[in-house]
Each structure stands twice: as C-alpha cells, then as structure tokens.
Amino acid sequence: MNLVQPSLWNQAQQTLEEVWGYSAFRPPQAEVVQSLLAQRDSLSIMPTGGGKSICFQLPALLQPGLTLVVSPLVALMENQVQELQQRRLPAALLHSELPIRQRKQTLWALEQQKLRLLYLSPETLLSPAVWERICQPNLKINSLVLDEAHCC
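Residue numbers for the sequence shown follow our numbering, beginning at 1 and rising by one.
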C-alpha cells in the first residue's frame, strides 16, 4: 500500500540508500515512512535496533519544516544527533545539561529555520524560552515525535 506520490517514494528510497547505506526498508519501516510522508499520524512499536529512528528521520529530511523529537534519554539524543551531524544533516538537540554556548547556537539555528530535526527533552520542550520560539507563526513544524515514550 503506497500512500505517497511515486516520485516522493522514489526519493525516500534513494535517500535511504544515499544517507544510511541501506538498499531496502526493513518491515515495518516502509509503512511507517509512507504514513509520515502522507502526513498521517503513526504509532510504531519496534524492538531495540529495529530501525525506528529512520522511520521519522527520513521523512523529516524530505518534507519542509521542522520535526520535533521528544526523548527523555539524553545519551540517546546525543548519539542520534551526532550521527545525523556526521552525515551533514541539519539536526540539533536541546536539554537542560547542554552548555550555554551550544544552547544559544541551537536556538539561533531554530530561529533561522536551519534545522530539520530538533531533539528535546520533555522538560526543555515545555520551558518558556523554547516553547516561545517553537510557537512562532513563521516556524513550520511538520511532525512531533515521541521517542522512547515508555520512559516518559
């Protein structure tokens, strides 16, 4: 079942190979990616190492706007953002333990709409300084992802 235009789906498959080095999606990644590209709500419950992150990272790269990824696990966020940045993808993170300089850089990138993925801890998402910025009318948010929801 393909929920998206063939050209967008071809672009998704090409991005999977070019960015992540995989020639095909694993079950049920294709269905989740199609759902998100079609801008439908999606719930994915997959085992550790099952490829959940690609399911929301890939659509974030192909759609305009910002994907907010809320995760309670700072170490996981840091690892994922580091991997994305090593691939030269526009991703950043915000959490309470972040050095002030890095926090300011991330907030600037957010305001300038330079990011496609922003990882946040739940408490950081709800902080007044961050909430005010993500609620700006000119900032297009295309997705809200709750990663590791069982930990929240």
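Just so you know, even glycine gets a beta-carbon here, dropped at the ideal spot from N, CA and C.
These figures come from a predicted structure and were not determined experimentally.
Beta-carbon contacts of residue i that lie in its chain and below 7 Å, excluding the five residues immediately before and after
| i | result |
| --- | --- |
| Glu123 | Ser96 |
| Leu66 | Leu115, Arg116, Leu118, Leu139, Lys140, Ile141 and Asn142 |
| Leu107 | Arg133 |
| Gln85 | Ala91 |
Assumed close pair residue i, residue j - CB separation to whole angstroms, cut-off 8 Å
| i | j | result |
| --- | --- | --- |
| Val81 | Ala92 | 6 Å |
| Val32 | Ser42 | 5 Å |
Inter-residue Cα distance where the pair is residue i and residue j
| i | j | result |
| --- | --- | --- |
| Lys52 | Arg101 | 30 Å |
| Leu25 | Leu16 | In the sequence on display, residue 25 carries Phe and not Leu. Phe25 and Leu16: Cα-Cα distance of roughly 8 Å. |
| Asp147 | Leu58 | 15 Å |
| Gln39 | Leu98 | 31 Å |
| Leu37 | Lys104 | 31 Å |
Chain-order list of residues whose beta-carbon lies under 6 Å from that of residue i (same chain, five-residue window excluded)
| i | result |
| --- | --- |
| Met77 | Ser71, Leu93 and Tyr119 |
| Leu144 | Leu68 |
Contacts around residue i, its chain only, beta-carbon distance under 8 Å, and the 5 residues preceding and following it disregarded
| i | result |
| --- | --- |
| Ser121 | Val70, Ser71, Pro72, Val74, Met77, Leu94, His95 and Ser96 |
| Ser44 | Pro28, Val32, Lys52 and Cys55 |
Proximity of residue i and residue j at Cβ, strictly below 8 Å
| i | j | result |
| --- | --- | --- |
| Leu62 | Leu126 | no |
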